[in-house]
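Below is one structure, written out as structure tokens; comments come after it.
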């Protein structure tokens, strides 16, 4: 049925694109709309997967505008639990776009306070509340700076929450379930892997420090469940601590910035007289890892699969993607994926007898 609906949508869009929209009967359009909505409302493409850890990029990009990659946002389905790591621009909307029920989000984990990692947090909280209902705000875990972030978003959204309660009614939109609740944890010591959350069914989420100075409260996360493991770098230069705590993971999500490309952008900006853009493009490389450095980290950690995310600069065409990945295969022989919005990696649970 989904293939049929997809084909029908393709036909409709083709007719529209060729100026033949008037040939499509109104009744057909509305019937297809009804079926497409019913299909979308009855599916959750992460919840329906087998037991294990499933990772989807709800945002694969950086602060730079990119048609393929929104602000950094990682959805992690671990067993029956759905978590979000960072809440960049369009992350919440992309969950819907890729058929993931935002109402199921149990908690958010922030890596640090840079704006591109938090600017979608308010919308995520709002959509989760309206889709979920209930009496509990969205938990937001992170270093101590998370308290100020959450307080600010709650203040900014207070009026909107009040309007929606008045409009939808208090039974539907329960005010005590709106907004965000901060769960700060101390910045882990260098070398420490600090458990942030554990569930009775075996999910463990741990934090470790990374190198993103002058950002002092910057962490990455490791998720373990069902004999599987995933590490997420957050923003960082090449980090020995990240390598230490990513040993043997099935999947390493690592940020990467190609300084060869950003330096060329800086030179072009300077030539055009835009000295501020030129300086920003030159400065940004100092606290990010290059693609080759990320690959070196994956190799040194023994990670089975490297997924690039928080990709900078924009890579709108395949030739730029090839340049971005140049040299990666020389230092890392595992599987490599260059992430885009919607990229999904599945790691089915490994039972004890299979591990033994």
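Numbering (our numbering), first residue to last: 21 to 376.
Quick reminder that beta carbons are idealized off the backbone N, C-alpha and C, glycines included.
Note that the structure is predicted; figures quoted are calculated from it, not measured.
Item	Value
Please list the segments of the beta strand (DSSP E) lying wholly inside the stretch 337-373, counting only runs of 3 or more residues, in order along the chain.	355-358 and 364-368
Which residues in the same chain as residue 111 place their Cβ atom closer than 6 Å to its Cβ, once the five residues preceding and following it in sequence are excluded?	78, 79, 93 and 140
Is it right to say residue 187 is buried, meaning 16 or more other beta carbons lie within 10 angstroms of its own, or is it exposed?	exposed
Can you tell me which residues form a DSSP beta bridge with residue 310?	Bridge partners of residue 310: none, in fact.
How many angstroms separate the CA atom of residue 258 from the CA atom of residue 310?	8 Å
At which residue ranges does the stretch 241-275 contain complete alpha helix (DSSP H) runs of 4 or more residues, listed in the order of the chain?	260-265
Tell me whether residue 53 is buried or exposed, calling it buried when 16 or more other Cβ atoms sit within 10 Å of its Cβ.	exposed
Based on Cα-Cα distance, which residue from 362, 290, 303 and 347 lies nearest to residue 314?	347
How big is the Cα-Cα spacing for residue 300 and residue 332?	13 Å
Taking only the alpha-carbon atoms, compute the straight-line gap between residue 266 and residue 170 and give it to the nearest angstrom.	29 Å
Report yes or no: do three or more beta-carbon pairs, one from the stretch 319-337 and one from the stretch 275-287, lie closer than 8 Å?	yes
Out of curiosity, what's the CA-to-CA distance linking residue 198 and residue 120?	20 Å
Out of 324, 342 and 345, which one is the CA nearest neighbour of residue 354?	324
Round the Cβ separation of residue 71 and residue 368 to the nearest angstrom and send it over; I've been treating them as touching at under 8 Å.	7 Å
Excluding the five sequence neighbours on either side, which residues of its own chain have a C-beta within less than 7 Å of the C-beta of residue 203, listed in chain order?	159, 160 and 161
Near residue 357, what residues of its chain come up, given a Cβ to Cβ distance below 8 Å and the 5 sequence neighbours on each side ignored?	325, 326, 327, 328, 363 and 365
In chain order, what residues of the same chain have a beta carbon less than 8 Å from the beta carbon of residue 360, not counting five sequence neighbours either side?	77, 80, 88 and 89
Are the beta-carbon atoms belonging to residue 131 and residue 287 less than 8 Å from one another?	no
Which stretch, first to last residue, makes up the beta strand (DSSP E) that contains residue 8?	Absent from the structure is residue 8, since the part of the chain shown begins at 21 and ends at 376.
From the DSSP output, which residues share a beta bridge with residue 97?	74 and 102
Run through the DSSP bridge pairs and tell me what residue 79 is partnered with.	93
Mind checking which residues open and close the beta strand (DSSP E) that includes residue 215?	214-218
Relative to the C-alpha of residue 223, which residue among 45, 63, 84 and 101 is closest?	101
Report the residue from 291, 308, 343 and 351 whose alpha carbon sits nearest the alpha carbon of residue 320.	351
Rounding to the nearest angstrom, what Cα-Cα distance links residue 344 and residue 337 in this structure?	11 Å
When the Cα atoms are used, what is the spatial distance from residue 173 to residue 126?	18 Å
Looking at the structure shown, is residue 173 part of a helix, part of a strand, or coil, going by DSSP?	helix
With distances taken Cα to Cα, identify the nearest neighbour of residue 104 among 117, 124 and 86.	124
Which one of 227, 218, 290 and 256 has the shortest CA to CA distance from residue 307?	256
Cβ atoms of residue 190 and residue 181: under 8 Å apart, would you say?	no
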